[in-house]
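In what follows, a structure is listed as structure tokens, so that the remarks can point back to it.
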Amino acid sequence: MQTPPNPDSGALLFSQMLEILINGLARGSVYALVALGYTMVYGILGMINFAHGEIFMIGMFAAVFALGAMGSAGLVAVGITLPLAILLAMALSAGFGVMNERIAYRKLRGAHLLAPLTSAIGMSIVLQNFVMLSVTKGKVDFPRAVAQPLANTTWSLGPVQLTALQAVIFATTFALMCGLFWLVQRTRLGIALRAVAQDRTMASLCGMKVDRLIAFAFALGSALAAAAGAMVAMYQGVLRFDSGYMIGLKAFTAAILGGIGNIPGAVLGGLIIGLTEDLTSYTIKSEWKQTTAFAILILVLWLRPRGLLGERVADKV
Amino acid sequence: MSLPKNIFGARAAILGGLAILTAPFLWTRLDPDFATGFVSLRLVPENGIQFLSVVVPAALVALAIAGLGRLWARYGSSKPLFETASHRLFESPRAMAATFAALAAAGFVMSGKALSLGTFVCIHMMLAIGLNVTIGFTGLLVLGYAAFYATGAYTFAIAAHALPVLPTWAALPLGFTVAAGVGFLVGLPCLRLRGDYLAIVTLGFAEALREILRNLSVTGGDMGLVVPMQARIKAIGPVGQGHASWIAAVGVTLLVALFVHRLYHSRIGRAWIAIREDETAAAMMGIPVVRLKLLAFTVSAGLAGTAGAFFAGFAGFVDPSTATFEQSVLILAMVILGGIGSLPGSILGAALLYLAPTLLRDWFPAISDYRLFFFGCILVAMMLFRPQGLCGSPRHKLELEGAS
Chain A
0 MQTPPNPDSG ALLFSQMLEI LINGLARGSV YALVALGYTM VYGILGMINF AHGEIFMIGM
60 FAAVFALGAM GSAGLVAVGI TLPLAILLAM ALSAGFGVMN ERIAYRKLRG AHLLAPLTSA
120 IGMSIVLQNF VMLSVTKGKV DFPRAVAQPL ANTTWSLGPV QLTALQAVIF ATTFALMCGL
180 FWLVQRTRLG IALRAVAQDR TMASLCGMKV DRLIAFAFAL GSALAAAAGA MVAMYQGVLR
240 FDSGYMIGLK AFTAAILGGI GNIPGAVLGG LIIGLTEDLT SYTIKSEWKQ TTAFAILILV
300 LWLRPRGLLG ERVADKV
Chain B
0 MSLPKNIFGA RAAILGGLAI LTAPFLWTRL DPDFATGFVS LRLVPENGIQ FLSVVVPAAL
60 VALAIAGLGR LWARYGSSKP LFETASHRLF ESPRAMAATF AALAAAGFVM SGKALSLGTF
120 VCIHMMLAIG LNVTIGFTGL LVLGYAAFYA TGAYTFAIAA HALPVLPTWA ALPLGFTVAA
180 GVGFLVGLPC LRLRGDYLAI VTLGFAEALR EILRNLSVTG GDMGLVVPMQ ARIKAIGPVG
240 QGHASWIAAV GVTLLVALFV HRLYHSRIGR AWIAIREDET AAAMMGIPVV RLKLLAFTVS
300 AGLAGTAGAF FAGFAGFVDP STATFEQSVL ILAMVILGGI GSLPGSILGA ALLYLAPTLL
360 RDWFPAISDY RLFFFGCILV AMMLFRPQGL CGSPRHKLEL EGAS
């Protein structure tokens, strides 16, 4: 016998908690993917890539464009088009990320903190308005025929339901994160990236192509953001030119929460922010989720300014 | 120095890359098929032609202006044109007072529409001057400045509802005090940290504040609040409401400008500059860095509150759109265009960036959608090519370019 849920009790049922947990983790893993891009760029250049949220949005649109192009070519099998669309979106966004770095940031390396940050804000506005002007002011629907079968397939895991779409999100995110950790920790390229993050001048003296490595870091972060974008577009069903702004802000909050510059920290921060949001929506009201996210940010800055996993580093003179 | 051929090659590569990357956005259109739920892509040249027909001429105009500026620098005067003109008008308190008095007197020959436009320009001048205190003097970036503007506006609107006897002039101290208090509380946790944390925290604060303003009943939700008649700026004797607002706006702007001018040339102002130039060295010299940064941020927030309360008294309504990111970016663009750290620059930047889009909208209504796009371009281009702004000092240029 199952007891009916009692709304007046105030306490959350176990199954409800699991549901919040799954939804929150799905949302949080997307934030984590975007936060990785922020944290990598910050780790290497020490600047906030404010336009990263817009790269995420470009990824959303690129996925729909790719699906459209394949649709026009007569390719409609979801099993093929969807992974292909995500890959194409990652490629196009990586291009945007690299171009962004080349135009707006490269010349400002080593300048006062204000200069690259202002330039990044400008770039973010340019990208957002470019999509608004060239695609549409209104919303674009993610092709229903691609997302619907995944959203409608559900598996029950004990008391809760897991949709295939959520499973795809978890699997993709997990695979991408493992790939990134492997790349950064185990390959020569990763070692070079870490060397550039540690000391740019020394790395270039040792013969590393610093410009190319930085561009590569931007490409990597942008590709991850685009994958996240494609999945969010699928999950929400609609996309707009300003969809990236809020997610970018939250992912940045996540990166600070985990300790900016720290890769596992970004993942942890993303999951925490995602869970908090769903918890707020269930317990208080969904209109207040931004305010709670902000309250958490202030609290963390107050109590642990370097973030949860960030170590205390002395400022360079 | 690299060879000219290389420079050309790099530019060609960038342009080519841009052309490839933007192609799907510019030259195609998505056709959703609602029956099957699939989507298809169609080549549509009109889209891209329309976009390029606005952007390419604008880029040519910008290049022409840049070229003229370069010619002026080479053959005209050793000082840039804007710098000379604006410094002469706004350099000393006496010059500022004379300029603003002339502006106030000019109001009597201006039409009603021009007066209200001018009053809005003055409100933005106050905002730009206020933001300049944190960004320009102290070197701290604030991204959610409009939040303090909204704080001031809402404070006055709510107070006028609660206290029917509240006089209009009370807007200024009230807006200043409450917004400064809020600024103090927001700045407290993040000013101990690196400068860019403040940028993000204020941005988050602006978003959270907008959400709060939209959800609470005391702030009127999405509709906003109407300021009661008795608290608005009224006609005084023979002077009509439009003229009264204009004169009040010019007067308050002058007050704000003088206040900031005195502050800049005081001990506190010199300490702020020292902090901006080298925080560690400033701390070594015994400057209480955190306390002074907090002071700069508090004063800056308070000035935004003053402008906000004035706006509430002038426009007669407030709504959550005063706290949008667009508003914050507009003010930031004014400070950067005019010249980071320069008081005449903020005044000039505010006038240019508020008037230009409004006049452009009247003359070329088709391109008003492109306003924000061009703001973004201006921000990036200024940082790349003229980081000190239209009338900033060479000293700022050295700092922004990192000449060490």
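Keeping their order, the protein sequence lines are chains A and B. Using numbering that gives the first Met the number 0, the first residue of the first sequence is number 0, and each one after it goes up by one. Using numbering that gives the first Met the number 0, the first residue of the second sequence is number 0, and each one after it goes up by one. Heads up, the beta-carbon is just placed ideally off N, CA and C, and yes, glycines get one too. Fair warning: this is a prediction, and the values are worked out from it, not measured in the lab.
Exercise. Flag MET0/A as yes if its beta-carbon sits less than 7 Å from any beta-carbon of chain B, otherwise no.
Key: Residue placement at MET0/A cannot be trusted, given a pLDDT of 39 that sits under 50; the coordinates are not used to answer.
Practice problem: Return the chain-ordered list of same chain residues with a C-beta closer than 7 Å to the C-beta of ALA247/B, the five sequence neighbours on each side being excluded. | Solution: ILE232
Exercise. Find the nearest neighbour of LEU270/A within the set ILE283/A, THR172/A, LEU219/A, judged by alpha-carbon distance.
Key: THR172/A
Quiz item: Distance, Cα to Cα, GLN147/A vs VAL75/A?
Solution: 14 Å
Quiz item: With C-beta atoms as the reference, is ALA308/B less than 7 Å away from ALA170/B?
Solution: yes
Quiz item: Quick one, are the C-beta atoms of VAL141/B and THR201/B less than 7 Å apart?
Solution: yes
Self-check item: chain B contact residues for MET122/A, given Cβ-Cβ distances below 9 Å
Solution: GLY375, LEU378, VAL379
Quiz item: Leaving out the 5 sequence neighbours to the left and right, which residues in its chain are closer than 7 Å to LEU126/A when beta-carbon positions are compared?
Solution: ALA50, GLU53, ILE57
Quiz item: To which residues of the same chain is LEU56/B closer than 7 Å at the C-beta, ignoring the five residues directly before and after it?
Solution: The amino acid at residue 56/B is misidentified as Leu; the sequence shows Pro. Nothing meets the Cβ criterion.
Practice problem: Taking only beta-carbon positions, decide if ALA300/B is within less than 7 Å of chain A. | Solution: no
Practice problem: Might you give, ordered along the chain, the residues of its own chain that have their beta carbon closer than 7 Å to the beta carbon of PHE373/B, omitting 5 neighbours on each side? | Solution: ALA57
Self-check item: Any chain B beta carbon closer than 7 Å to GLY36/A
Solution: no
Self-check item: Span of the beta strand (DSSP E), counted from its first residue to its last, around SER155/A
Solution: 153-156
Self-check item: Rounded C-alpha distance that separates ALA93/A from GLY228/A
Solution: 13 Å
Quiz item: If you draw a straight line from the C-alpha of ASN159/A to the C-alpha of GLY143/B, how long is it?
Solution: The displayed chain sequence assigns Val, not Asn, to residue 159/A. Each residue's Cα considered, the two are about 41 Å apart.
Self-check item: Cβ neighbours of MET0/A in the same chain (closer than 8 Å, five flanking residues each side left out)
Solution: Any reading at MET0/A is ruled out, since the residue's pLDDT is 39, under 50, leaving its predicted position unreliable.
Self-check item: Best match in GLY337/B, TRP245/B, GLY223/B, GLY47/B for proximity to SER410/B [C-alpha to C-alpha]
Solution: Absent from the model: residue 410/B. The displayed extent of chain B is 0 to 403, so no value can be given.
Self-check item: Top-ranked residue by Cα proximity to ALA406/B, from PRO142/A, TRP154/A, LEU164/A, ILE102/A
Solution: Past the boundaries of the shown model lies residue 406/B; chain B is included only from 0 to 403, so the question cannot be answered.
Self-check item: Short-range partners of chain B found in the segment 250-267 of chain A, where Cβ spacing is below 8 Å
Solution: PHE251, THR252, ILE255
Quiz item: Applying a beta-carbon distance threshold of less than 9 Å, which residues of chain A neighbour ILE13/B?
Solution: MET98, ARG101, ILE102
Practice problem: Pick out whichever of LEU62/B, THR35/B, VAL43/B has its Cα sitting closest to the Cα of LEU25/B. | Solution: VAL43/B
Self-check item: TRP301/A, DSSP secondary structure in three states
Solution: helix
Exercise. Could you name the residues of the same chain whose beta carbon sits closer than 8 Å to that of LYS138/A, not counting the 5 residues immediately before and after it, in chain order?
Key: VAL237, LEU238, ARG239
Self-check item: First and last residue of the uninterrupted beta strand (DSSP E) at THR27/B
Solution: 27-32
Practice problem: State buried or exposed for TRP271/B, treating a residue as buried only when at least 16 other CB atoms are found within 10 Å of its CB. | Solution: buried
Exercise. For ASP277/A, I'd like the list of residues in its chain whose CB is within less than 7 Å of its CB, leaving aside the five on either flank, ordered along the chain.
Key: ILE19, ASN22, GLY23, ARG26
Exercise. Report the rounded CA-to-CA distance for SER327/B versus ASN131/B, giving the unit in angstroms.
Key: 13 Å
Practice problem: Go to THR135/A, then tell me how far its beta strand (DSSP E) extends in each direction, as first and last residue. | Solution: No beta strand (DSSP E) holds THR135/A; DSSP gives it neither H nor E.
Exercise. Residues of the segment 137-149 of chain A with a CB closer than 9 Å to any CB of chain B: list them in chain order, please.
Key: VAL139, ASP140, PHE141, PRO142, ARG143, ALA144, VAL145, ALA146, GLN147
Quiz item: Within the chosen definition, does the segment 284-298 of chain B reach the segment 114-128 of chain B through at least 3 CB pairs nearer than 8 Å?
Solution: no
Self-check item: Rounded Cβ spacing between ILE134/B and VAL317/B (contact assumed at less than 8 Å)
Solution: The pair is not a contact, with the Cβ atoms about 25 Å apart (cut-off 8 Å).
Practice problem: Please report how far the alpha carbon of SER14/A lies from the alpha carbon of MET69/A, in whole angstroms. | Solution: 40 Å
Exercise. Note down, in chain order, each residue of its chain lying with its Cβ closer than 8 Å to the Cβ of ARG87/B, except the 5 sequence neighbours on either side.
Key: ALA94
Quiz item: Ordered along the chain, which non-local residues of its own chain (more than five positions away) have a Cβ less than 6 Å from that of VAL38/B?
Solution: LEU29, PRO31
Quiz prompt | Test item: CB-CB of GLY36/B and ALA144/A under 7 Å | solution = yes
Quiz item: How about LEU66/A: is its C-beta nearer than 7 Å to some C-beta of chain D?
Solution: Included in the structure are the protein chains A and B, with no chain D among them.
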